[in-house]
Each structure stands twice: as structure tokens, then as C-alpha cells.
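K.L.:
2 protein chains.
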Amino acid sequence: MIAPMRKSGCVACEECPLRPLDTFREFNDKELAFMREFKTGELRVDGGATILVEGAHSAHLYTVLSGWGFRYKTLEDGRRQILNYVLPGDLIGLQGPVLGEMQHSVEALQPVVLCVFERERLHRLFQNHPSLAYDVTWLAAREESMLDDHLLSIGRRTAAERAAYLLSFLHQRMDALNLNGDVEKRIPITQTHIADTLGLSSVHTNRTLRKLAARGYIRWEPRGCSILKPEALLVLSGWDGIVEKGRPLI
Amino acid sequence: MIAPMRKSGCVACEECPLRPLDTFREFNDKELAFMREFKTGELRVDGGATILVEGAHSAHLYTVLSGWGFRYKTLEDGRRQILNYVLPGDLIGLQGPVLGEMQHSVEALQPVVLCVFERERLHRLFQNHPSLAYDVTWLAAREESMLDDHLLSIGRRTAAERAAYLLSFLHQRMDALNLNGDVEKRIPITQTHIADTLGLSSVHTNRTLRKLAARGYIRWEPRGCSILKPEALLVLSGWDGIVEKGRPLI
DNA sequence: CGCTTACTTGAGTCTGGTCAAACGGGGTGG
DNA sequence: CCACCCCGTTTGACCAGACTCAAGTAAGCG
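Chains A and B, in that order, are what the protein sequence lines are. Counting in my numbering, the first sequence runs without a single skipped number right up to 250 at its last residue. Counting in my numbering, the second sequence runs without a single skipped number right up to 500 at its last residue.
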């Protein structure tokens, strides 16, 4: 599951391929210098691997460099709820250092590369780099905002609206990273993942997605979904879309 | 809706009635001094009043000193989803300063007293008080953790389990504040609030609650609910309960 | 080639929604 | 003081969206 991490041979923060993207705010030299120091290595995990486990008192936190994953919780009897998806630029595992232990698990959907940070050094970040501390809070507030949206969706939208919302949401997040600019245009998840995100059964999810496909809004492919009419999905969902500018990249 | 705020005549942070409670971590003198400076006044709102509005670019953030409220979002057609409840000690309105504008609204369930903070000074807090900055992040991570729990509940639990979860959740939060130690033992919400939290209709919520009452787990009172058998509710819900120690009070 | 995983489809069931009506308490204006 | 109204709660009857069970297809892989 876990390849050894190395400091040499991994991407330096100054050359991070994500940082130049429009979504991310610019860091100054001091911030970048700290980041390079803060990052202790990289971690590669296979698709399907568990990155963080509920209950663990993890020694690390991570930022996703590439690949998709998802956060989830389960009930005793196995019912699973996917809480959110993690994409490149997302900070994960903050609950470990801050609250003491993880309250959810994280799993990779594809091979994922992670930047590794030590929980110990997080205090140094807060001590010496207020702007970065603020950024960590920014990221936490953003996650909360996404969860609010998901809650509204699961609680109050119909199955079709929920599906439209989720696909719009993921499409917009991809868009911000230009992941759909080149090769990867597909959202790399199965219908079971969608079902476990929307609080539906996989059978009903399938029927709902087929209707969206019949209308020409999406095309379902093995292990993934292509968005053909993002605007139509957005209208159907009744969602405003993501409001986000100057997102920090820790 | 809004009474004028005054700095004199309001509770100083050193004498904050909440701070001595076991749930909250102790603050040192320097932290307390900053808090007294940070707090610019108090605000009293009536029950039913709106404290913060979605879309607003609010100039303040608040900590609840007394009273209950709730955070919510609505869809165009009026469908409402309650995201979480706010109780004394909760920091609200962080989204304003951090993300730029509020993505949800907050409404008072009762007369509520709030400590008022200026969004401008939040940067000073991060600049000069790393421990408090860390605390703000702690609170954001805690909120996220609660939302994760809610999502699991709405997405994957049955109506009865959801109701049991929500009532357990609110009961535990009351407990931590000793609100049930003295006069107020009731959870001060209507069945419509519960319905809008659980993603159910009010009719079905009523039937579900009556079943819980018939089993002797709860007693419903006008505009409120008393918990008679918290352990039974916890078992029914399949929830672990809140894990929380040394919560900061900003 | 056989196994597994993902997706599809049909049939019957049930949880939870909608519509409708009624009750009861608290507040208000006459 | 009483009539009225409104809000929150309760209950019944009926309906429908979503679930379960079940079976079958198709693609990928060792």
C-alpha cells in the first residue's frame, strides 16, 4: 500500500506544478521557503488504497499533488457515506493534529501522490507564519462550506437534482485545476461511489444517471463520467456553483 | 431585531461565565488580555431573529454567549436545510472574513447574546497570537467533524436512527455546557426544525418522534424536547458520541 | 477460461411524502 | 371577556420515490 518516501527526488514547492494555476494565490519567497522546509517528502499510493483511517492518531498530514480520493465514514453494519472528494491541492488529515484523531477515512480512487508534512511542525507554522496559519483556516472554512452544500443537497434535493449537483460540483473542481484541459476529462468514480455520496442505493443511482445520459447531459463510461452539458446540470441542480478565488496551496 | 452594542456594561472575557466550564481549555493571561481587547461589544437578538444572512459580506464575527440558534441554507423554492445548531461557546460568521461572504444564514431560536468581534482584527489575532490562531482552526475542524457526522446521518440512517442521533447530539452538546444542570433541560426547537435538519417532512418527523416518545426515550413538550433515556437513543442511533476535550473559547 | 467487478433492468415492497383536516394553546383586538 | 387567529402538533388516507431482491450482461484480468 505504501511506498517509502524520499525528500530528494521529489518536487520542490517552488516548482510545484499546481502553484502556477489561476485558482491558487501566489506565495512570496518566505512562504515558499517555509513550505519547502515543511514538506518532508512524498508518498505514492495505489488506487483503492487507504490513505488515512478513522480513529487513527496520524503523525502526518498531506496535500494531494495528483490523483483523486474521497473522505468517508461508515456505520457498524457497513453502510458507507462519502463525505467529500479530495483533488490535487487539497489538504487532508488536519483532524489528526488538531482534534487528536481522525474522525473519517480517506481512500484513493486512483494512484495518488501526496506531499507529506509532520504534525509536529504544524505548530511551527502557526508560530512563525501567520499568513500560512490563516491559509490553513481558509482551507478548513472552505471544506466546511462544501459540506454545507452537500448537506443541503442530500437533505433537500431529489435524486436527479442531487446527481446533477454532485456532477456539477466535481466538474467545477476539475475545471479549476485544468484537469479537463488535457487528457483526463472523466470524473474517475463508479456509480457505487455516487450512490454512497448521494445517500441513494446503487440501483436507483443507476436509473437516475441513465436519465441524465438519455437527456444528453452526461455520458457514462467504465469507471467514470463525462460531463457533456455542465450548464444544463447546473440549472437542474439549482446550485450556484463554487465561489472561490485566491485559494491557498499548503 | 438588533439592539445597540456597548463595550461597557458587557461581560469582560476574564469573567466570562462559560470559561470556567470543564469543556473549555484554560487561557493564560496574555490570551485573556487579547480577548478582552478583541471583543468589541455584545449584541442581543430576539428569538426568531436572523443573525447572519447568506451572501452577506459581514463586518463581524460572533461567539455565542447564551441562547440557541441554527445555521441553514435554502433552495430557490423555499426548501430549507438546517446545517447545524449553534450553542454558547460557538464561533459563528468566520466564513465572512475568511472566504469573503457568508454561504449560509444563522437564526436565533431564543433570545441570544453574542460577543462581537471585528473582522479587521482577525488578522491581528493571526499575526500576534499563534495559539489563538490555532484555536480558530481547531474550531473550524470541529465544525467540520460535526458536519461529517450529520452527513453520515442524513445519507445513511433511517428516520428513527436520524432522530435518535440528532437528539443524542444536541443532548450531549447541552450536557457539555451544563445547560441541563439547572433550569433548562429542554432542547428548544420545534418539530419543523428537526424535520429540516434530518431531511424529512414534518409529518413523518412527528410520527417518528411519537414512536420515540411511546418507547419512553423522550418527552415532547411545546416547542421543545426532553431527553429521558439518552443511552437508549445513543444505542438506537449507532453513534459514538462526541469526542472532545480542551475546546477553545474564542 | 473462469472469476470478479461494474453496470443494467425488472418486479414487488416499503419508507417516507403529500394532501387534508382537526386540535389546542397563546396572543390579540374588539 | 370573548372571539378569532396563528402556529405547532397530531392523525388519517393515499401516493410515489426509492429500496430490495434477483438475474443478467459486459468488460477486465490472472
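Backbone N, C-alpha and C fix where the C-beta goes; we use that ideal spot for every residue, glycine too.
Please state if the CB of B:Gln331 and the CB of A:Leu152 are separated by a distance shorter than 8 Å.
P.N.:
As a first step, residue 152 of chain A is located in the first sequence; it is residue number 152 there, counting from the start. As a first step, residue 331 of chain B is located in the second sequence; it is residue number 81 there, counting from the start. It is a contact, given that the beta carbons lie within the stated cut-off.
K.L.:
Where in the region 286-364 of chain B do unbroken runs of the alpha helix (DSSP H), each at least 4 residues long, occur, reported from the N-terminal end onward?
P.N.:
Entirely contained in the region 286-364 of chain B, the alpha helix (DSSP H) runs reaching 4 residues are, in chain order, 345-349.
K.L.:
Tell me whether the beta-carbon of B:Cys260 lies closer than 8 Å to the beta-carbon of B:Leu282.
P.N.:
Here residue 260 of chain B is taken as the residue at index 10 of the second sequence, counted from 1. Here residue 282 of chain B is taken as the residue at index 32 of the second sequence, counted from 1. Not closer than 8 Å, so no.
K.L.:
If we require 3 or more residues per run, which beta strand (DSSP E) segments fall completely within the region 209-239 of chain A?
P.N.:
You should have 218-221 and 224-227.
K.L.:
For B:His400 and B:Arg329, I'd like the C-alpha separation in whole angstroms.
P.N.:
Translated into positions along the second sequence, residue 400 of chain B becomes position 150. Translated into positions along the second sequence, residue 329 of chain B becomes position 79. Rounded to whole angstroms, B:His400 to B:Arg329 spans 18 Å at the Cα level.
K.L.:
Hey, would you say B:Arg543 sits closer than 8 Å to B:Pro361, going by beta carbons?
P.N.:
Outside the displayed range of chain B (251 to 500) lies residue 543 of chain B, so it cannot be described from this structure.
K.L.:
Decide if the region 55-65 of chain A is in contact with the region 134-142 of chain A; the criterion is three or more beta carbon pairs, one per stretch, under 8 Å apart.
P.N.:
Counting Cβ pairs under 8 Å, fewer than three are found: no touch.
K.L.:
Buried or exposed: B:Asn428, going by 16 or more other Cβ atoms within 10 Å of its Cβ?
P.N.:
Within the second sequence, the letter at position 178 stands for residue 428 of chain B. Exposed, because fewer than 16 other Cβ atoms sit within 10 Å of the Cβ of B:Asn428.
K.L.:
Given a cut-off of 8 Å on the beta-carbon distance, is the pair B:Asp385 and B:Pro498 in contact?
P.N.:
Stepping through the second sequence from its first residue, residue 385 of chain B is reached at position 135. Stepping through the second sequence from its first residue, residue 498 of chain B is reached at position 248. Yes; because the gap between Cβ atoms is below 8 Å, this pair is in contact.
K.L.:
Only counting the same chain, and skipping five residues up and downstream in sequence, which positions put a Cβ closer than 6 Å to that of A:Asp90?
P.N.:
Looking up residue 90 of chain A in the first sequence gives position 90. Val64, listed in sequence order.
K.L.:
For A:Ile227, which option in A:Asp196, A:His204, A:Gly48 and A:Arg186 has the closest C-alpha, if you only look at C-alpha atoms?
P.N.:
One-based indexing of the first sequence puts residue 227 of chain A at position 227. That would be A:Arg186, whose Cα lies nearest to the Cα of A:Ile227.
K.L.:
In three-state DSSP terms, what is B:Ile404?
P.N.:
As a position in the second sequence, residue 404 of chain B is number 154, starting the count at 1. DSSP places B:Ile404 in helix when its eight states are reduced to three.
K.L.:
How many angstroms separate the CA atom of A:Glu244 from the CA atom of A:Tyr62?
P.N.:
Taking the first residue of the first sequence as 1, we reach residue 244 of chain A at position 244. Taking the first residue of the first sequence as 1, we reach residue 62 of chain A at position 62. Each residue's Cα considered, the two are about 21 Å apart.
K.L.:
Suppose the cutoff is 7 Å on Cβ atoms and the five residues either side in sequence are ignored; what does the same chain contact list for A:Thr276 look like?
P.N.:
The structure shown does not extend to residue 276 of chain A, since chain A spans only 1 to 250, so no value can be given for it.
K.L.:
At the 8 Å Cβ level, is B:Asp398 part of the contact set with chain A, yes or no?
P.N.:
In the second sequence, residue 398 of chain B corresponds to position 148, counting from 1. Yes, B:Asp398 counts as interfacial toward chain A.
K.L.:
Going by C-alpha to C-alpha distance, which of B:Pro480, B:Arg412, B:Thr458 and B:Asn456 sits closest to B:Tyr467?
P.N.:
The count along the second sequence starts at 1 and reaches residue 467 of chain B at position 217. It is B:Pro480 whose Cα lies nearest to the Cα of B:Tyr467.
K.L.:
Residues of chain B with CB under 7 Å from A:Val106, in chain order?
P.N.:
In the first sequence, the residue the question calls residue 106 of chain A occupies position 106. Those within 7 Å of A:Val106 in chain B number zero; the least Cβ separation is about 12 Å.
K.L.:
Rounded C-beta distance between B:Lys323 and A:Asp148? I'm assuming under 8 Å.
P.N.:
Within the second sequence, the letter at position 73 stands for residue 323 of chain B. Within the first sequence, the letter at position 148 stands for residue 148 of chain A. Rounded, the Cβ-Cβ distance is 6 Å, consistent with contact.
K.L.:
Return the residue from the list A:Gln172, A:Met35 and A:Ser105 that minimises the CA-CA distance to A:Leu75.
P.N.:
Residue mapping note: residue 75 of chain A aligns to position 75 of the first sequence, counting from 1. Measuring from the Cα of A:Leu75, the nearest candidate turns out to be A:Ser105.
K.L.:
Given that a residue counts as buried once 16 or more other Cβ atoms are within 10 Å of its Cβ, and exposed if not, what is A:Asp240?
P.N.:
Within the first sequence, the letter at position 240 stands for residue 240 of chain A. It counts as exposed.
K.L.:
I need the straight-line Cα distance from B:Pro270 to B:Met285, nearest angstrom please.
P.N.:
As a working mapping, residue 270 of chain B is identified with position 20 in the second sequence. As a working mapping, residue 285 of chain B is identified with position 35 in the second sequence. The straight-line gap from Cα to Cα measures roughly 15 Å.
K.L.:
When the Cα atoms are used, what is the spatial distance from B:Arg369 to A:Arg207?
P.N.:
Counting from one through the second sequence, the residue named residue 369 of chain B turns up at place 119. Counting from one through the first sequence, the residue named residue 207 of chain A turns up at place 207. Taking the straight line joining both Cα atoms gives about 47 Å.
K.L.:
Taking A:Trp138 as the query, report the chain B residues whose CB atoms sit under 9 Å from its CB, ordered along the chain.
P.N.:
The residue you call residue 138 of chain A lines up with position 138 of the first sequence. Correct list: Val348 and Leu349.
K.L.:
Sort B:Leu349, B:Leu375, B:Asn278 and B:Cys475 by Cα distance to B:Tyr440 and report the nearest one.
P.N.:
The residue given as residue 440 of chain B occupies position 190 in the second sequence. The sequence given here places Thr at residue 440 of chain B; Tyr does not occur at that position. Here the closest residue by C-alpha is B:Cys475.
K.L.:
Quick one: grab the DSSP three-state call for A:Arg247.
P.N.:
As a position in the first sequence, residue 247 of chain A is number 247, starting the count at 1. Strand, per DSSP.
K.L.:
Go ahead and label A:Ala214 buried or exposed: buried means 16 or more other beta carbons lie within 10 angstroms of its beta carbon, across all protein chains shown.
P.N.:
One-based indexing of the first sequence puts residue 214 of chain A at position 214. Exposed, because fewer than 16 other Cβ atoms sit within 10 Å of the Cβ of A:Ala214.
K.L.:
Contact criterion: CB-CB distance below 8 Å. Does B:Gln422 meet it with respect to chain A?
P.N.:
One-based indexing of the second sequence puts residue 422 of chain B at position 172. No - not a single Cβ of chain A is within 8 Å of the one on B:Gln422.
K.L.:
To the nearest angstrom, how far is it from the Cα of A:His123 to the Cα of A:Cys115?
P.N.:
Here residue 123 of chain A refers to the residue found at position 123 of the first sequence. Here residue 115 of chain A refers to the residue found at position 115 of the first sequence. Distance between the alpha carbons of A:His123 and A:Cys115: 18 Å.
K.L.:
Taking 8 Å as the threshold (beta carbon to beta carbon), is A:Gly155 in contact with chain B?
P.N.:
Along the first sequence, one-based indexing puts residue 155 of chain A at 155. Judged by the 8 Å Cβ criterion, A:Gly155 is in contact with chain B.
K.L.:
In this structure, how does DSSP classify A:Phe27 when only helix, strand and coil are distinguished?
P.N.:
Mapped onto the first sequence, residue 27 of chain A falls at position 27. In this structure, A:Phe27 counts as coil in the three-state DSSP scheme.
K.L.:
Using only the alpha-carbon positions, how far apart do B:Thr408 and A:Asn84 sit?
P.N.:
Along the second sequence, one-based indexing puts residue 408 of chain B at 158. Along the first sequence, one-based indexing puts residue 84 of chain A at 84. Whole-angstrom Cα-Cα distance: 21 Å.
K.L.:
With a threshold of 8 Å on Cβ separation, who are the neighbours of A:Arg173 within its own chain once the five nearest residues in sequence on each side are excluded?
P.N.:
For the purposes of this step, residue 173 of chain A is taken as residue 173 along the first sequence, with counting starting at 1. The residues are Tyr85, Leu87 and Ile242.
K.L.:
What's the C-alpha gap between A:Ile250 and B:His310?
P.N.:
Within the first sequence, the letter at position 250 stands for residue 250 of chain A. Within the second sequence, the letter at position 60 stands for residue 310 of chain B. Looking at the two C-alpha atoms, the distance is approximately 27 Å.
K.L.:
Kindly say whether A:Gly199, judged by its beta-carbon, lies nearer than 8 Å to any beta-carbon of chain B.
P.N.:
Residue mapping note: residue 199 of chain A aligns to position 199 of the first sequence, counting from 1. Yes, A:Gly199 counts as interfacial toward chain B.
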